[in-house]
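Participant: Residue numbers (the numbering used here), protein chains in the order written: chain P, 1169 to 1280; chain Y, 21 to 135. Quick reminder that beta carbons are idealized off the backbone N, C-alpha and C, glycines included. Since the structure is predicted, the reported quantities are computational estimates derived from the model, not experimental observations.
1) Hey, does residue 1211(P) have any beta-carbon neighbour from chain Y nearer than 8 angstroms?
2) Residue 77(Y) lies in the beta strand (DSSP E); which residues open and close that run?
3) Would you please verify whether the beta carbon of residue 1276(P) is less than 8 angstroms from any beta carbon of chain Y?
4) Quick check on residue 1173(P) - is its C-beta less than 8 angstroms from some C-beta in chain Y?
5) In chain Y, which residues lie with their C-beta within 7 angstroms of the C-beta of residue 1223(P)?
6) Since residue 1176(P) is in the beta strand (DSSP E), which residue starts that stretch and which ends it?
7) Under DSSP, the beta strand (DSSP E) around residue 1269(P) begins and ends at which residues?
8) Mind listing, in chain order, the continuous beta strand (DSSP E) runs of no fewer than 3 residues lying wholly within the segment 1183 to 1235 of chain P?
9) Assign residue 1199(P) to buried or exposed, taking buried as 16 or more other Cβ atoms, counted over all protein chains shown, within 10 Å of its Cβ.
10) May I ask you to verify whether the segment 88 to 95 of chain Y touches the segment 1232 to 1241 of chain P, counting CB pairs closer than 8 angstroms and requiring at least 3?
11) Where residue 110(Y) and residue 1170(P) are concerned, what is the direct C-alpha to C-alpha distance, given to the nearest angstrom?
12) I'd like to check one pair, residue 1206(P) with residue 1165(P): are the Cβ atoms closer than 8 angstroms?
13) Where does residue 1238(P) sit, in a helix, a strand or coil, going by DSSP?
14) Does the segment 27 to 44 of chain Y touch the segment 1261 to 1278 of chain P, meaning 3 or more C-beta pairs lie closer than 8 angstroms?
15) So, helix, strand or coil for residue 101(Y), using DSSP?
16) Quickly, what does DSSP pair residue 1258(P) with across the bridge? List them, please.
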């Protein structure tokens, strides 16, 4: 079955430290892949997307993600987090139909 | 100007009542969506309209009825509200479901609480 998995429900990182949020998908081909961020009380905002080509994609707010076909993964990274990065992060995939399927989200907490 | 706007932002009501949530987008997009986010933050698509035509209708109780009077508006009406309907409902839009698949623009959400 087609699915998106975010194995980490909650991650805590110190301000200034690096960050990696994990995302895996299950699909027979390469889906379109996305990362969205949801700040408290807000809607979701697109951080970056991967359709094809270069497997390292750059997004807004200093985020990047790397697509690894062999691992069916699309992990989100940031070299140095800021307190304003505290939010819920959602990985999503479109598996060739009309729907965008979301993972269950990872809540990021930043400590001073 | 807010790109995707929903009203109301908060809605508290009793079981059995009927309520509506309205959504408007000023991005000129062709496709609009309703998503439900439960208390565990899980996001699930409910409906999608493309140019006023229903294209996605997930397994949603028929108490939920979307209506798209034009491609800039997608409203959600819920009859006979139940406790389990409590959630945050997000409206979203995309330019064209084929051209830029999955790049959605979300509203700020409408938090529905059923007592």
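Facilitator: This is what the structure gives:
1) yes
2) Residue 77(Y) -> beta strand (DSSP E) spans 73 to 77.
3) no
4) Not one chain Y Cβ lies under 8 angstroms of residue 1173(P).
5) Correct list: empty, because the minimum Cβ distance to chain Y is about 18 angstroms.
6) From DSSP, residue 1176(P) is part of no beta strand (DSSP E); its letter is neither H nor E.
7) 1268 to 1270
8) 1187 to 1189, 1192 to 1194, 1200 to 1206, 1212 to 1218, 1224 to 1226
9) buried
10) By the Cβ criterion, the segment 88 to 95 of chain Y is not in contact with the segment 1232 to 1241 of chain P, since fewer than three pairs of Cβ atoms, one from each stretch, lie closer than 8 angstroms.
11) 23 angstroms
12) The structure shown has nothing for residue 1165(P), since chain P only spans 1169 to 1280.
13) helix
14) no
15) coil
16) 1204(P)
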